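So the structure is just underneath, and the comments pick up after that.
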Amino acid sequence: MEITSNVEKTLNRILKDFSAEEGNIISLLQLIQDEFGYIPESTVGWFSGRLDIPESRFYGIATFYARFYQKERGKNIITACCGTACHVKGADRVINAARIELGLAEGENTTDDMDFTLEQVACVGACSIAPVVIINKKVYGRQTSGRLTREIKALKK
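Residue numbers (the working numbering): 15 to 171.
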């Protein structure tokens, strides 16, 4: 992402609301991600220069926590649980159906049009309704390939 004058205004607003201490980097990364949906590389450099905190410190934290994203994500987020209960109940089939419907090759997780991101997580903590898929923060239990495909098609409209 290029740091345009509008982006810089946003970054200055974030900086103004931020307590400039190295121990607050997590809070700063959350503010950046809340604003942009991910943590653009250019923003890390921008804040690093103004706060005199090495970029490596930002990246060390951003890559440690699974909820920080370094790549732009799609408008619709599909989170598939891959925990033991979901795996046993067919999560692989459900995920594969989503990949096919979204046209995602193995290793890809965001569609070219940036409409969808498919992410896989270790466990969402809803084992009693496995397999579980979360679409835009709404939990869908006892998911099947067919139901997930229908949900994706509905979102495409």
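Glycine is no exception: its CB is placed at the ideal position from the N, C-alpha and C atoms. The structure presented is a predicted model; accordingly, all values stated were derived computationally and were not measured.
Per-residue DSSP class, three states only, for residue i
i    : result
T24  : helix
I17  : coil
I166 : helix
T131 : strand
C141 : helix
C96  : coil
Rounded separation between residue i and residue j - CA only
i    : j    : result
S41  : F32  : 8 Å
V102 : Q157 : 13 Å
T18  : L43  : 19 Å
N26  : L169 : 35 Å
R15  : K23  : In the sequence as presented, Arg is not what sits at residue 15; that position holds Met. Distance between the alpha carbons of M15 and K23: 14 Å.
Same chain, Cβ closer than 7 Å to residue i, five either side skipped, listed in chain order
i    : result
V153 : A140 and V146
T125 : G88, L116, G117 and L118
The ligand HEM heavy atom lying under 8 Å from the CB of residue i
i   : result
P54 : In terms of ligand content, the structure shown is empty, and the ligand HEM therefore cannot be addressed.
Limits of the alpha helix (DSSP H) - the one that residue i falls within
i    : result
I67  : First-last for I67: undefined, no H or E at that position.
I40  : I39 to F50
V108 : A105 to L116
Boundaries of the beta strand (DSSP E) in which residue i is found, first to last residue
i    : result
Y83  : Y83 -> no beta strand (DSSP E), and no H or E assigned at all.
K152 : K152 to Y154
Contacts around residue i, its chain only, beta-carbon distance under 8 Å, and the 5 residues preceding and following it disregarded
i    : result
R172 : Nothing can be reported for residue 172, as the shown portion of the chain is limited to 15 through 171.
Quiz prompt | Touching by the beta-carbon criterion (3+ pairs, under 8 Å), the region 113 to 128 and the region 55 to 75 | solution = no
Quiz item: Do the region 126 to 136 and the region 79 to 99 touch if we need at least three Cβ pairs shorter than 8 Å?
Solution: The region 79 to 99 and the region 126 to 136 touch, with three or more beta-carbon pairs separated by less than 8 Å.
Quiz prompt | Stretch-stretch touch, CB-based, cutoff 8 Å, three pairs: the region 104 to 111 with the region 75 to 87 | solution = no
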